[in-house]
Amino acid sequence: MAANSTFPILTPDTPLAYLPREVGLQYQGGGYLSLAVLSFQAFIWDILSTIPDDVKMVRVSKFGLPVVTYFFSRVITLAYLSISTIYQVAPLANCRHVQIASGTLYGVSVPATAALFILRIVAVFHGNRVVVNSFLFAWFLTLGCSIIVPFYIGTTNIGPTKRCINTDVGHIAGVGTIVNTLTNLLVFIALSWRLTLNGTAPGLAGRSQSLIHGTSLPIMSKVLLQSGQIFYLTTVSFNILTLVMGIAPSISPTFHGIFPMPNVALENVMACRVFRALRLEVDTDEGGPQEDSFAKKVSHSSIV
1 MAANSTFPIL TPDTPLAYLP REVGLQYQGG GYLSLAVLSF QAFIWDILST
51 IPDDVKMVRV SKFGLPVVTY FFSRVITLAY LSISTIYQVA PLANCRHVQI
101 ASGTLYGVSV PATAALFILR IVAVFHGNRV VVNSFLFAWF LTLGCSIIVP
151 FYIGTTNIGP TKRCINTDVG HIAGVGTIVN TLTNLLVFIA LSWRLTLNGT
201 APGLAGRSQS LIHGTSLPIM SKVLLQSGQI FYLTTVSFNI LTLVMGIAPS
251 ISPTFHGIFP MPNVALENVM ACRVFRALRL EVDTDEGGPQ EDSFAKKVSH
301 SSIV
């Protein structure tokens with residue numbers, strides 16, 4: 001397609017310079033659309049596909065703080081993904097207002113998802129005030145570091161158009177991701193250690209096998225351990241990728257905001273999957289829900 005011959009091309013190395021304005025906007029929007037909408041659609045699909053389990057969970061569980069937190073995290077994550085998708089692909093008169101809304105929802109959605117595991121810590125270590133208070137402090141730290149994100153992200157309209165672009169992402173915006181990753185790691189270690197106490201294998205070697213492979217653990221404890229391993233290994237990888245993409249000086253601010261969307265979506269999907277499995281007591285291959293005393297304590301606790 002030929003460029004407009006009336007005006008010189010000021011940036012000949014830019015492919016969009018050779019496209020008409022409308023075609024260029026569509027082409028550029030398609031790049032953002034692919035990742036933003038993919039994250040949004042995947043999350044919607046997860047919500048719809050888990051409705052039967054959600055209904056069953058509400059029927060068999062007390063509608064207490066954990067279940068309320070579960071549904072709140074789903075709703076607030078959906079709201080964040082919706083606003084962020086609009087920011088990425090829609091024409092907007094005021095980019096700053098939408099960016100603040102997106103960042104604020106991010107700052108609520110991340111700690112809401114983290115709360116699902118903190119509540120489990122509170123239930124498991126109930127009575128151990130040092131452990132409980134330490135993890136509650138870590139959660140509040142995650143909340144504080146996440147909620148400040150919108151104040152450290154610069155945005156503007158692209159020239160006279162109504163398309164938005166990030167102009168600056170302060171390094172402090174990545175602190176929330178770091179704190180959240182470390183908190184998830186500590187939660188995983190604490191719960192894994194407690195689960196291995198249910199194992200029957202003697203000695204340090206036996207405990208190590210229980211920690212890594214779930215050897216000698218009761219069925220339910222093994223499921224809880226392995227689901228936690230899957231959650232952490234998956235989310236920590238995306239957290240690191242999001243952090244690198246978000247604060248690396250060699251990467252343009254334009255691309256800093258690409259990975260938080262799939263990262264937040266994935267973390268909530270995985271955390272909620274583990275939460276549902278625990279609440280429903282996980283039907284094992286042997287047929288029927290099986291649980292040991294510790295797993296029963298966790299799944300039926302007044303807190304979790």
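Numbering-wise, the UniProt record's numbering puts 285 at position 285 of the sequence shown, and it's gapless, one number per residue.
Note that the Cβ used here is the ideal one computed from N, Cα and C, for glycine as well.
These numbers come from a predicted model, not from an experiment.
- G154 carries a strand assignment under DSSP once its states are collapsed to helix, strand and coil.
- Contact check for R273 against M57 fails: the beta carbons are separated by 8 Å or more.
- In chain order, F125 place their CB closer than 6 Å to the CB of V131, counting only its own chain and leaving out the 5 sequence neighbours on each side.
- In this structure, A265 places its C-beta atom within 8 Å of the C-beta atom of S39.
- In the DSSP secondary-structure assignment, I165 is bridged to T156.
- Classified as buried, R74 has 16 or more neighbouring CB atoms from the shown chains inside 10 Å of its CB.
- Counting along the chain, the unbroken alpha helix (DSSP H) around K56 starts and ends at I51 to V60.
- Taking C-beta atoms as the reference points, A114 and T77 fail to come closer than 8 Å.
- Boundaries of the alpha helix (DSSP H) harbouring L278: P260 to R279, taken from the DSSP string.
- A direct Cα-Cα distance of roughly 25 Å separates C145 from I230.
- L191 has its alpha-carbon roughly 11 Å from the corresponding atom of Q226.
- Under the three-state reduction of DSSP, L141 is assigned to helix.
- Here P262 is buried: its Cβ has 16 or more other Cβ atoms, across all protein chains shown, within 10 Å.
- Between I247 and G176, the CB-CB gap reaches or exceeds 8 Å.
- Looking only at A138, Y80 and F151, the smallest Cα-Cα distance to T181 is reached by A138.
- The beta carbon of A79 lies closer than 6 Å to those of L105 in the same chain, with the five residues before and after it left out.
- Secondary structure remark: continuous beta strand (DSSP E) runs of at least 3 residues inside the stretch 86 to 112: none found.
- Note on geometry: alpha-carbon atoms of H97 and V244 lie some 26 Å from one another.
- Annotation: Y152 to I172 spans about 7 Å, alpha carbon to alpha carbon.
- In the same chain as I100, and ignoring 5 residues on each side of it, the C-beta atoms closer than 6 Å to its own belong to P150, in chain order.
- F259 and L35 have their C-alpha atoms some 9 Å from each other.
- Note that the C-beta distance between T69 and A42 is not below 8 Å.
- For P66, the secondary structure class from DSSP, reduced to helix, strand or coil, is helix.
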